[in-house]
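Novice:
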Amino acid sequence: MTKKYNLVCMTGLCCLMLLFVSGWSCIDEAAAKNDTYWWPHQPLPKGLVVCKPAKDKTENVLLHSLSGLVAQAQKQGLADELIWHETPGDYLLWYSKLVNRTKAEERGTYDVWELLERYKKLVNGYILYQPENNPEFRGDMNYSVHVAMAYASVNRGVVIDTSLEPMVRQMGLTLIKDTRDITMDECFEEIKDKMNAGMVVTMNPFYQNNYDLAVANKAFITYGVDNLTEKMMAWANPISPVVGWNHGNEDDFTRLPAKYGLFNTASDWCNNLITLSVGSGSADLAKIRTLDPATIDFSEKGHFHSFIMSDGDNMQWTIGSFLRNNNFWGSPLHGNFPVGFTSCPVNLVQMAPDVLNEMAKTQPAHTTVIEYGGGYQYPDLFAIERGMEREAIQREFARKINTNMKRTGVKVFGFICMDIDSEDALEAYRIYAGEIEDLVGMIAVQYAPYHGGNGKIIWVKDKTGIEIPVVTATYSLWQGLKDKGGGDIVEISNLINRDSERNGTFMNWTVVHAWSVFENPSLPENKAGGLTAVKWCIDLLKEDIQVVSPEELLWRIRMDHDPVQTAEIIRNKYY
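In this text, residue positions in the sequence shown follow the working numbering: the first is 1, and each later residue adds one.
1) Do you know offhand how far Pro332's Cα is from Leu495's?
2) Report back the beta-carbon spacing between Leu439 and Met351 to the nearest angstrom; my notes put them in contact at under 8 Å.
3) Are the beta-carbon atoms belonging to Asn196 and Tyr223 less than 8 Å from one another?
4) In its own chain, which residues sit with a C-beta less than 7 Å from the C-beta of Gln42, not counting the 5 before and 5 after it?
5) Does the distance from the C-beta atom of Ser153 to that of Thr58 stay below 8 Å?
6) Pick out whichever of Val412, Asp419 and Ile436 has its Cα sitting closest to the Cα of Gln394.
7) Given a cut-off of 8 Å on the beta-carbon distance, is the pair Gly68 and Val215 in contact?
8) According to DSSP, is Asp483 part of a helix, a strand, or is it coil?
9) Write down every uninterrupted run of the beta strand (DSSP E) in the stretch 28-91 whose length is 3 residues or greater and which is fully enclosed by it, in chain order.
10) Just checking, does the stretch 135-151 make contact with the stretch 87-106 on the three C-beta pairs under 8 Å criterion?
11) Distance check for Thr408 and Ser493, CA to CA, integer angstroms please.
12) Who are the Cβ neighbours of Asp488 in its own chain at under 6 Å, not counting the five residues just before and after it?
13) Which complete beta strand (DSSP E) runs does the stretch 116-179 hold, if anything under 3 residues is left out?
14) So what does Val242 bridge to, in DSSP terms?
15) Give me the DSSP bridge partner(s) of Asn508.
16) For Gly387, I'd like the list of residues in its chain whose CB is within less than 8 Å of its CB, leaving aside the five on either flank, ordered along the chain.
17) Could you give the DSSP three-state label for Gln363: helix, strand or coil?
18) Is Gln377 buried or exposed, if buried means 16 or more other CB atoms sit within 10 Å of its CB?
19) If you count every other CB in all the chains shown that lies within 10 Å of the CB of Trp38, and 16 or more means buried, which is it?
20) Using a Cβ-Cβ cutoff of less than 8 Å, which residues in the same chain neighbour Asn402 once the five nearest sequence positions on both sides are dropped?
21) Along the alpha helix (DSSP H) that carries Val617, what are the first and last residues, could you check?
22) Using C-beta distances below 7 Å, list every residue in its chain close to Pro40, excluding the 5 sequence neighbours before and after it, in chain order.
23) To which residues of the same chain is Ser422 closer than 6 Å at the C-beta, ignoring the five residues directly before and after it?
24) How long is the line joining the alpha carbons of Gly453 and Ile431, rounded to whole angstroms?
25) So what does DSSP say about Val355, is it helix, strand or coil?
26) Look at the Cβ atom of Gly330, then the Cβ atom of Phe307, and state whether they are nearer than 8 Å.
27) Who are the Cβ neighbours of Ile176 in its own chain at under 7 Å, not counting the five residues just before and after it?
28) By DSSP, does Lys527 sit in helix, in strand, or in coil?
29) Given a threshold of 16 other Cβ atoms within 10 Å of its Cβ, counted over all protein chains shown, does Ser549 qualify as buried or as exposed?
30) Taking just the CA atoms, how far does Phe298 sit from His366?
31) Could you please give the first and the last residue of the uninterrupted beta strand (DSSP E) stretch that includes Leu442?
32) If you draw a straight line from the C-alpha of Leu540 to the C-alpha of Leu256, how long is it?
33) Keeping to the same chain, check which residues put their C-beta closer than 8 Å to that of Glu568; ignore five residues upstream and five downstream.
34) Going by the DSSP bridge assignment, what does Phe619 pair with across the sheet?
35) Need the endpoints of the beta strand (DSSP E) that Arg107 sits in, please.
36) Roughly how many whole angstroms lie between the Cα atoms of Glu525 and Gly261?
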């Protein structure tokens, strides 16, 4: 009995030591042991409390720091509940699905100050910062709030400005640190050994989204493309997410993490990522449906074309409004014709499984969901600054993508390159084909213009010797684009029709710029984007052009390239 008691005590002591050394809870879910994840793990809570919207920005800063500290405490077994930030729109649906999935007890709705009183014992004091009151990027922006959030995460302090100081002092909290004169560079050098190198947040200091996630996981926050940001990317562990969005040219601030083996997530307007992600490793998932190639009539000859929506790696869009947006997934036209959507399933499976389940539940037949890069990164630049470790990092990233794609059911992989024909890009394609199993094929987009590959097909072999196509976009449906092969609805439909005048079969695809708004060629006063624009384009195509899903297009390309091998694969795998 004494030995057993001592063993239990020693086990508990070891867990406690691990808890405070690593920041992970010894009671974390089994998924925390899953090394195929790249996002932080948050264990299932027993309860959820809802916070009413903050009255102003200063209260919102306080709320996000407090939410992060509560999540940190919940990981360590010091709390059994999490805070949900009341958010309109699709987030109302995600909250109801979250409660249903986790069976967490709903413990009421509170304002910021009521929550601070509720969790006061988890807080060591407060951190002072100087607010940035202008959202416009400037060289002299005030990053005091970024500094304060970093110190808050390692000192258990809520973040406030001086206007709130009398109220928090009245509640019995004392000053831990005044960060108003500390630069982000100084902060980075002082506490980087205490911070989490598994995530970097890039956010405008005027806004507060994702600050709770940063505090919960002791992640640095930065903004802009400068020496400090590059230093953080180099310091961070490869295959880590860059949360939020940055300032400057999109290719510049995405190139920066990519070359160190990280990836952008376009998540600047995400809310509640902490709570959305709980229990994701053990969540029951409804898989995305894929096309059975045995149902394709390969004896049909002619002209086959697909339309694929761009920008699906954008997490804040996918979680925030995409699934019920009348222009996109929620369009009344969705399901009336085949189409493809680039998306972010392997990040959703880790951070928003309820969103992924809703996508699977509402997926029409002949809609192809394409995993877009594992995140926004350029394969030809990925981990290029990691020297001799580069290939190992690329392969590990591809292996993790593979495991998570299997959880989602997705079988088409896509990405965006800076130079689609470069040797670095070709090597990345070979790695993807070698590590991602059961690929139907890959679709590739050039950064500018999207159709820079001009429909070229590159063949690479998987680990069993089967050839996998990497098919580049032929056209870009992009309002105002002047590059040859790009343009509006009339321009693109004319180009596709011109292709049909060739002898034999053509099989290619158009990338649809998600943010373009087009004029209806029949009624110019009507303007729309998304699936409505695709429908207008299809209406102008010749009758002998078949619009097919990207999956069908890829299978037809494979059958045309190697009918014997392709027929054998279909016979062995799908019958």
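Note that CB positions come from ideal geometry on N, CA and C, so glycine has one too.
Specialist: To lay it out plainly:
1) So the alpha carbons of these two residues sit roughly 27 Å apart.
2) By a beta-carbon distance limit of 8 Å, Leu439 does not contact Met351. Their separation comes to about 24 Å.
3) No. Outside cutoff.
4) Excluding sequence neighbours, Gln42 sits near Ala71, Lys75, Ile274, Ser277 and Val278.
5) Going by C-beta atoms, Ser153 is not nearer than 8 Å to Thr58.
6) Looking only at Val412, Asp419 and Ile436, the smallest Cα-Cα distance to Gln394 is reached by Ile436.
7) With respect to the 8 Å criterion, Gly68 and Val215 are classified as neighbours on the basis of their beta carbons.
8) Secondary structure at Asp483: coil, using DSSP grouped into helix, strand and coil.
9) Entirely contained in the stretch 28-91, the beta strand (DSSP E) runs reaching 3 residues are, in chain order, 47-51 and 81-85.
10) As far as the Cβ criterion goes, the stretch 135-151 does not touch the stretch 87-106, which means the pair count is below three.
11) It is roughly 33 Å from the alpha-carbon of Ser493 to the alpha-carbon of Thr408.
12) These residues qualify, in order along the chain: Gln479 and Phe518.
13) List check, beta strand (DSSP E) in window: 125-128, 157-160 and 175-178.
14) In the DSSP assignment, Val242 is bridged to Val200 and Asn264.
15) His305, per the DSSP bridge assignment.
16) The beta carbon of Gly387 lies closer than 8 Å to none in the same chain, with the five residues before and after it left out.
17) DSSP places Gln363 outside both helix and strand once states are collapsed to three, so it counts as coil.
18) Sixteen is the threshold: when 16 or more other Cβ atoms of the shown chains lie within 10 Å of the Cβ of Gln377, as they do, the residue is buried.
19) Trp38 is classed as buried because its beta carbon has at least 16 other beta carbons within 10 Å across all chains shown.
20) Beyond the five residues adjoining it in sequence on each side, Asn402 comes within less than 8 Å, by CB distance, of Glu435, Ile436 and Glu437 in the same chain, given in chain order.
21) Since the displayed the chain opens at 1 and closes at 575, residue 617 lies outside it and no answer follows.
22) These residues qualify, in order along the chain: Gly198, Met199 and Asn217.
23) Listed in chain order, the non-local C-beta contacts of Ser422 below 6 Å within the same chain comprise Asp380, local neighbours out to five positions each way being set aside.
24) Looking at the two C-alpha atoms, the distance is approximately 20 Å.
25) Helix at Val355.
26) No; because the gap between Cβ atoms is not below 8 Å, this pair is not in contact.
27) Within its own chain, the residues whose Cβ lies closer than 7 Å to the Cβ of Ile176, once the five positions on either side in sequence are excluded, are Asn124, Gly125, Tyr126, Ile127, Asn155 and Gly157, listed in chain order.
28) In the three-state scheme derived from DSSP, where H, G and I count as helix and E and B as strand, Lys527 is classed as strand.
29) By the neighbour-count rule (16 or more Cβ atoms within 10 Å), Ser549 is buried.
30) Approximately 16 Å, taken between the alpha carbons.
31) According to the sequence provided, residue 442 is Met. The question's Leu does not apply to it. Here the beta strand (DSSP E) through Met442 covers Gly441 to Gln446.
32) Each residue's Cα considered, the two are about 41 Å apart.
33) Counting only residues of its own chain and dropping the five nearest sequence neighbours on each side, Glu568 has no CB closer than 8 Å to any other CB.
34) Any question about residue 619 goes unanswered here, given that the chain covers just 1 to 575.
35) Where Arg107 is concerned, the enclosing beta strand (DSSP E) stretches over Glu105 to Tyr110.
36) Roughly 46 Å between the two C-alpha positions.
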